[in-house]
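One structure below.
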Amino acid sequence: MPKMKTHKGAKKRFKITGSGKVKRMRAFKSHILTKKSPKRKRRLRQSAIIQTPGEVKNIKRLLQA
290 MPKMKTHKGA KKRFKITGSG KVKRMRAFKS HILTKKSPKR KRRLRQSAII
340 QTPGEVKNIK RLLQA
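Heads up, the final residue of the sequence shown is numbered 354 in this note's numbering, and it's a clean run with no missing numbers.
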């Protein structure tokens, strides 16, 4: 069986931390920012950790090269 290829879309969206957690950036930060409060835009700059075990498993499978 051939080697599994990295999913390029997932590679651009997710990073695996040193402890093995999956990190992602938050959505809704690309446009229509005038109606969003400064506090909300600050929060959207920060990354988030994916905690759902099933999603983490699927993303790690997509990222393994």
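From the three backbone atoms N, C-alpha and C, an ideal C-beta is built for every residue, glycine too.
8 Å CB neighbourhood of residue i in its chain, flanking five on each side removed
i	result
Thr295	Leu351, Leu352, Gln353, Ala354
Ile305	Val311, Lys312, Lys349, Leu352
Close Cβ partners of residue i (< 6 Å) along its chain, the five nearest in sequence each way excluded
i	result
Lys300	none
Phe303	Val311, Arg313, Ile348
Euclidean distance between Cα positions of residue i and residue j
i	j	result
Met290	Lys318	41 Å
Lys292	His320	39 Å
Lys297	Thr341	22 Å
Glu344	Arg332	22 Å
Assumed close pair residue i, residue j - CB separation to whole angstroms, cut-off 8 Å
i	j	result
Lys330	Leu322	6 Å
Review point. For the 8 Å Cβ check, are there 3 or more pairs between the stretch 325-339 and the stretch 302-313?
Key: The stretch 325-339 makes contact with the stretch 302-313: 3 or more CB pairs, one atom from each, lie closer than 8 Å.
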